[in-house]
Amino acid sequence: MPFERINRGYRAINLMGKAGKVATRHGLGRAGSKVALKVISKAEIITAVADAVISVAEAAGLYFQLEAEREKTNRLNMMIQVERKRLQTENEKLRMLVQTETKRLKENREMNEIGYQMIKNISKIIKKFEPVLKEAKESIQNGHRTPEVLNRYYAMESRYEIAIQKFYDLQEILDQQQDV
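Residue 0 is where the sequence shown starts when you use numbering that gives the first Met the number 0, and the numbers rise one by one after that.
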């Protein structure tokens, strides 16, 4: 595009020479040739200046387009950095959540193991308690029915039933925890 304008400038110089020849040929004389030359040269100068202005305007337009693209790229880069930081923060939160959940599950597992150990121990105690209760029941049936013996027997029997109920409740809770 700029070379085209340079070529126009050379054409203008050629036209100036031709204008002089044309003016002389048509009998306008030297004065007519000078006027024609001035008109043509001024027209060509204005055209050349206009071409230069157009070239500068096009260059400025390209420059401003480039600056706009650069600004858009900078904004996109900033958005990418903000999104990257947000994702890093989210990743850190998720990592902490996984650590917390892993720790909670480990503690639950340990508590369940302790609970099952307690169930085994309680089960052993209940099994040892059953023969004593059976012996006391037989003793009462065989005639040892004093009020003190009966009161102790009924207290022992009610405590035994409560202990068994608590045992089953604990076992149910541990089974539910195991499912979670």
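C-beta: ideal position from N, C-alpha, C; glycine also. Note that the structure is predicted; figures quoted are calculated from it, not measured.
Local conformation of residue 145 per DSSP, three classes: coil
- prompt: Under 7 Å, do residue 159 and residue 132 count as touching if we go by C-beta distance?
  reply: yes
- prompt: Whose C-alpha, out of 46, 170 and 43, is nearest the C-alpha of residue 110?
  reply: 170
Same chain, Cβ closer than 7 Å to residue 164, five either side skipped, listed in chain order: none
- prompt: In its own chain, which residues sit with a C-beta less than 7 Å from the C-beta of residue 155, not counting the 5 before and 5 after it?
  reply: 132 and 135
task: Output the distance between the C-alpha atoms of residue 90 and residue 81, rounded to the nearest integer angstrom.
output: 14 Å
- prompt: For the candidate residues 45, 112 and 78, whose alpha-carbon lies nearest to that of residue 172?
  reply: 112
- prompt: Can you tell me the Cα-Cα spacing of residue 92 and residue 84, whole angstroms?
  reply: 12 Å
task: Pick out the complete alpha helix (DSSP H) segments inside the region 73-125, 4 residues or longer, and give them in chain order.
output: none
- request: Can you grab the Cα-Cα spacing for the pair residue 107 / residue 176, in whole Å?
  value: 8 Å
- request: Verify whether the separation of the beta carbon atoms of residue 152 and residue 139 is less than 7 Å.
  value: yes
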